[in-house]
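These notes concern the structure reproduced below.
2 protein chains.
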Amino acid sequence: MTETETNTYDVVVLGAGPVGENVADRTRAAGLTTAVVESELVGGECSYWACMPSKALLRPVIARADARRVPGLRQSVQGPLDASAVLAHRDYYTSNWKDDGQVGWLDSIGADLYRGHGRLTGPRTVTVTGPDGGERVLTARQAVAVCTGSRAALPGLPGLDAVEPWTSREATSSKTVPGRLIVIGGGVVATEMATVWQALGSQVTLLVRGKGLLPRMEPFAGELIAEALKEAGADVRTGTSVESVESVTRENGTVVAVTDTGDRIEADEILFATGRAPRTDDIGLETIGLDPGSWLPVDDSLRVDGHDWLYAVGDVNHRALLTHQGKYQARIAGAAIAARATGETLVAEPWGAHAATADHAAVPQVVFTDPEAAAVGLSLAEAEQAGHRVKAVDVDLSTVAGAGLYADGYQGRARMIVDLESEILRGVTLVGPGVGELIHSATIAVAGQVPVSRLWHAVPSYPTISEVWLRLLEAYRDA
Amino acid sequence: MTETETNTYDVVVLGAGPVGENVADRTRAAGLTTAVVESELVGGECSYWACMPSKALLRPVIARADARRVPGLRQSVQGPLDASAVLAHRDYYTSNWKDDGQVGWLDSIGADLYRGHGRLTGPRTVTVTGPDGGERVLTARQAVAVCTGSRAALPGLPGLDAVEPWTSREATSSKTVPGRLIVIGGGVVATEMATVWQALGSQVTLLVRGKGLLPRMEPFAGELIAEALKEAGADVRTGTSVESVESVTRENGTVVAVTDTGDRIEADEILFATGRAPRTDDIGLETIGLDPGSWLPVDDSLRVDGHDWLYAVGDVNHRALLTHQGKYQARIAGAAIAARATGETLVAEPWGAHAATADHAAVPQVVFTDPEAAAVGLSLAEAEQAGHRVKAVDVDLSTVAGAGLYADGYQGRARMIVDLESEILRGVTLVGPGVGELIHSATIAVAGQVPVSRLWHAVPSYPTISEVWLRLLEAYRDA
Chain A
187 MTETETNTYD VVVLGAGPVG ENVADRTRAA GLTTAVVESE LVGGECSYWA
237 CMPSKALLRP VIARADARRV PGLRQSVQGP LDASAVLAHR DYYTSNWKDD
287 GQVGWLDSIG ADLYRGHGRL TGPRTVTVTG PDGGERVLTA RQAVAVCTGS
337 RAALPGLPGL DAVEPWTSRE ATSSKTVPGR LIVIGGGVVA TEMATVWQAL
387 GSQVTLLVRG KGLLPRMEPF AGELIAEALK EAGADVRTGT SVESVESVTR
437 ENGTVVAVTD TGDRIEADEI LFATGRAPRT DDIGLETIGL DPGSWLPVDD
487 SLRVDGHDWL YAVGDVNHRA LLTHQGKYQA RIAGAAIAAR ATGETLVAEP
537 WGAHAATADH AAVPQVVFTD PEAAAVGLSL AEAEQAGHRV KAVDVDLSTV
587 AGAGLYADGY QGRARMIVDL ESEILRGVTL VGPGVGELIH SATIAVAGQV
637 PVSRLWHAVP SYPTISEVWL RLLEAYRDA
Chain B
187 MTETETNTYD VVVLGAGPVG ENVADRTRAA GLTTAVVESE LVGGECSYWA
237 CMPSKALLRP VIARADARRV PGLRQSVQGP LDASAVLAHR DYYTSNWKDD
287 GQVGWLDSIG ADLYRGHGRL TGPRTVTVTG PDGGERVLTA RQAVAVCTGS
337 RAALPGLPGL DAVEPWTSRE ATSSKTVPGR LIVIGGGVVA TEMATVWQAL
387 GSQVTLLVRG KGLLPRMEPF AGELIAEALK EAGADVRTGT SVESVESVTR
437 ENGTVVAVTD TGDRIEADEI LFATGRAPRT DDIGLETIGL DPGSWLPVDD
487 SLRVDGHDWL YAVGDVNHRA LLTHQGKYQA RIAGAAIAAR ATGETLVAEP
537 WGAHAATADH AAVPQVVFTD PEAAAVGLSL AEAEQAGHRV KAVDVDLSTV
587 AGAGLYADGY QGRARMIVDL ESEILRGVTL VGPGVGELIH SATIAVAGQV
637 PVSRLWHAVP SYPTISEVWL RLLEAYRDA
């Protein structure tokens, strides 16, 4: 029983979320033996408590808002959303929180799954404590990839534990619709979840420490979404009057949040969407001289500084806490591990096959709210902070024919940041109904470093919302 | 009364559709005096009888189909579309076929509008016959730009005139919903209008001479749309069994079309969507040695071969019969006219400011049906005909997470054509709900000549339909 089994692999991956899965996919494709260690569900946060359930919950909200903006159709879209059908569809998309499908996929690529808690117990060594308490030691000839992701970070508020607050996990997996919901935070999780639950029937109060929502995007993104949330009936409180929640308690089943201005807000549930922390506190980082609970800085091949066998991929490296960006890093890390294993020279220059260059210059993000907000690259403030000489041009999306045809009374805005020296784009932000699929055009323009002179030859189809591109180019030309 | 007024301008533009408007916009911006001649409505075919009304009619159809594919929402989308509201919205979008707004815009840029029929009466000379029969002669110091567009081409069928058939004009402007509608043709107008009228309550019979719909796109586009039209209740007859309509008559108000296989099809209206003819038959081409009624071949600056003062822009040059491509040509023609007027050297190499290079390599098109079909650049067949060494990779869109989240039971397909020598894209085709805004990403990739190695760094946001890009790149890598 206490005997410890030891297995040796080329690669050991800690964490079987989309990031770990993609690292394993690439190392397996290169013929490297690969073990994957997972303490919860294969598929990770994204599949069960983030992207998938949140989008399954948001899609009906967005589609309903879109339908109600179309003359001739709006009349036939009556009554509220069928919340139980929405929740059931969400359950379907999370496979009812069962991971058989993803386990089958890992098996199909020939990776070995170890269920249990994995901890580094020295260089190139991971010890897995299984559900039965048994231990197995995995040795990695080539690399260990830490892909353990992040968890919700809760503030140190008096009374918080006893309240049993929601985090992103409960907010995406709740089986019932709370009558009243307080949402603390102004980022993506807060705005998306406020949107969902208000639409499913909750009375939502959104408490934002800062001046506005989505502080990492251009200011108009948060402004337009805050306005829409208010129109949907949510109580949105931003700015200095509610700087922070001072205490929370649960009294007779009711949550009471007291703000620093003395306001008492009652609700049935309270969601803290106040940031993320790395899941590195209990993975044995101390055995190799690193700080438990810290983010893990990496180079562009996703290798941890100072450890030539250690990779940190996805949220844990704190480069860009987004599933798609983690998967991108995973493809590159997997390729880098494989190249180093065979002694191949890395293509490590910017935009090379082994350099996660997009992490610096071209990270895209879509916020699936109504209106949708989408951005790639730098905001104007970020571009100026980075010392780029840039010009920002804005377009009111309601002036684009395709936008007005998409939705009656269309409201939205676009901004393009042009580098004045290279005339390539540093960033693009789009806010409005239906822009979620449009941002990839900007992602290709930014990552592809397509200059403005060439973008004039990329003709948007008429009449689509994409014609905003023409308006942006005209605005830049005429500025 | 018979006295003829003569006015001299730098530029005379024949036709005030979007193309003529954009030529004038650019020549005016360059400080050139500009006259615009229009015999019908300022704003042209697109504003009153094509893009705008058709999209205003199609949007509710598409939005309803989308809404009914979303669990939790579909239950609340009941009954048919409100046809009268849809038609009223279409009327709003065509400004009730009044052009005051567009006349005001022409005025605002300082172009002079001449209402009447314009004909060339010699080099650099246009004679306008006004509504009152009065004539004015316009002389162009720099250039005449023919932007008269195209009209529906009708086949020479026995009995056709007496039937008063619909063309694209009647199909987009009808004030009533015919009980039964025959649509002849398999191109964009035919498929879009069959989609609209079937959804608004007509029983549509679509008769297609060829094997399938949308013959200029990848075959799967027409296949998926034909399937959807059949599911919507339309009678779609393609292939050799109905090769052509032999005769049409109107008997007691009912149209009867007899096919070459002897089938008699009865309907209330019949739409011929059987191609386009250039509106050059009565514009005085014979006075400068050109053939009336012919398309006008041009070089990449949109100048007519052999006439250094004559430009043909938009449909009339037969390069790409699409409003957005005509507007693109108009921007380039306007810039070329201005450059030549000032003796500036043209940037005439491919992708230069005075070369309509996208006409050859990167024409995008969106068909606003359910499902939407969108393509840019070359199809596989076209790329092979052009002698490119290419590889085509396909992706079933139902395998993309964002597609499944967008619509339950998502059906769609994507194809990417990669040039094996340069590893740039020759073409992309996307078919499925919600892909209309997605094609511009491909347009930027194709026009920007972004190589596959760089496209790997253009990360699609998760979970969007745009993640089809990742699947396409993987398919190419693993092929």
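So the sequences go chain by chain: A and B.
Going letter by letter, the first sequence gives residues 187 to 665 in the working numbering.
Going letter by letter, the second sequence gives residues 187 to 665 in the working numbering.
In this text, a Cβ means the ideal position worked out from N, Cα and C, and glycines have one as well.
Residues that residue i contacts on chain B, provided the C-beta gap is smaller than 7 angstroms
| i | result |
| --- | --- |
| A:Val256 | Arg245, Pro246, Ala249 |
| A:Arg640 | Trp537, Ala633, Gly634 |
| A:Ala544 | His643, Val645 |
| A:Trp655 | His626 |
| A:Lys241 | Leu591, Pro649 |
Residue i, buried or exposed, once every other Cβ within 10 Å from all chains shown has been counted against 16
| i | result |
| --- | --- |
| B:Gly201 | buried |
| A:Asp605 | buried |
| B:Trp655 | buried |
| A:Pro344 | exposed |
| A:Asp664 | exposed |
| B:Glu653 | buried |
| B:Val428 | Because the pLDDT at B:Val428 is just 42, under 50, the model does not fix this residue reliably, and the value given afterwards should be weighed accordingly. Looking at its Cβ environment, which holds 16 or more other Cβ atoms inside 10 Å, B:Val428 is buried. |
| A:Gln571 | exposed |
| B:Ala329 | buried |
| B:Tyr278 | exposed |
| A:Gly317 | Note on residue identity: the sequence assigns Pro, not Gly, to residue 317 of chain A. Looking at its Cβ environment, which holds fewer than 16 other Cβ atoms inside 10 Å, A:Pro317 is exposed. |
| A:Thr426 | Confidence is the limiting factor: at A:Thr426 the pLDDT is only 40, short of 50, which leaves the residue's position unreliable, though a coordinate-based value still follows. With fewer than 16 other Cβ atoms within 10 Å, it is exposed. |
| B:Lys513 | buried |
| B:Asp494 | exposed |
| B:Lys241 | buried |
7 angstroms Cβ cutoff met for residue i and residue j
| i | j | result |
| --- | --- | --- |
| B:Ala380 | B:Leu393 | no |
| B:Ala331 | B:Tyr497 | yes |
| B:Leu299 | B:Leu306 | no |
| B:Gln389 | B:Arg366 | yes |
| A:Leu658 | A:Ile603 | no |
| B:Val562 | B:Ala548 | yes |
| B:Gly475 | B:Thr466 | no |
| B:Pro246 | B:Thr358 | no |
Amino acids of chain B, ordered along the chain, whose beta-carbon sits closer than 8 angstroms to that of residue i
| i | result |
| --- | --- |
| A:Pro646 | His510, Pro550, His626, Thr629 |
| A:Ile651 | Glu623 |
| A:Met238 | Ala587, Leu591, Pro649 |
| A:Ala253 | Ala249, Arg250, Asp252, Ala253, Leu259, Val263 |
9 angstroms Cβ cut-off: residues of chain B touching residue i
| i | result |
| --- | --- |
| A:Gln264 | Ser262, Val263, Gln264 |
Residue interval of the beta strand (DSSP E) (run including residue i)
| i | result |
| --- | --- |
| A:Gln511 | No beta strand (DSSP E) contains A:Gln511, which is instead part of the alpha helix (DSSP H) from 509-527. |
| A:Lys577 | 576-582 |
| B:Leu624 | First-last for B:Leu624: undefined, no H or E at that position. |
| A:Thr313 | 311-315 |
| A:Ser336 | 336-338 |
| B:Val330 | 321-332 |
| B:Glu452 | 450-453 |
| A:Thr220 | 220-224 |
| A:Asp664 | Premise fails: A:Asp664 lies in the alpha helix (DSSP H), 654-664, not in any beta strand (DSSP E). |
Enclosing alpha helix (DSSP H) for residue i [first to last residue]
| i | result |
| --- | --- |
| B:Pro246 | 237-253 |
| B:Tyr648 | Looking at the DSSP string, B:Tyr648 is not in any alpha helix (DSSP H), and its letter there is neither H nor E. |
| B:Thr381 | 374-386 |
| A:Gln261 | Counting along the chain, A:Gln261 falls outside any alpha helix (DSSP H), and DSSP gives it neither H nor E. |
Residue i: contacting residues in chain A (beta-carbon distance under 7 angstroms)
| i | result |
| --- | --- |
| B:Val636 | Ile630, Gly634, Val636 |
| B:Tyr514 | Val645 |
| B:His275 | Pro257, Gly258 |
Proximity test, residue i beta-carbon vs the ligand ATP heavy atom, cut-off 6 angstroms
| i | result |
| --- | --- |
| B:Gly372 | You won't find the ligand ATP in this model; it holds no ligand whatsoever. |
Within chain A, partners of residue i - CB distance below 8 angstroms
| i | result |
| --- | --- |
| B:Cys165 | In the structure displayed, chain B extends from 187 to 665; residue 165 of chain B sits before or after that span and is not available. |
| B:Gly620 | Glu623 |
Problem - Contact between the segment 497-515 of chain A and the segment 190-208 of chain A (3+ Cβ pairs under 8 angstroms) - result: Cβ pair count under 8 angstroms is three or more, so yes.
Practice task
Determine contact between the segment 245-265 of chain A and the segment 260-269 of chain B, defined as no fewer than three beta-carbon pairs at a distance below 8 angstroms.
Solution key: Touching, yes, given that three or more Cβ pairs across the two stretches are closer than 8 angstroms.
Handout entry: Three or more C-beta pairs below 8 angstroms linking the segment 460-468 of chain B and the segment 333-340 of chain B
Key = These segments touch.
Problem - Sufficient close CB pairs (3 or more, under 8 angstroms) joining the segment 608-620 of chain A to the segment 507-522 of chain B - result: Put simply, the segment 608-620 of chain A does not touch the segment 507-522 of chain B. Fewer than three CB pairs are less than 8 angstroms apart.
Handout entry: Validate contact between the segment 623-638 of chain A and the segment 622-635 of chain B using beta carbons, cut 8 angstroms, 3 pairs
Key = Yes, they touch.
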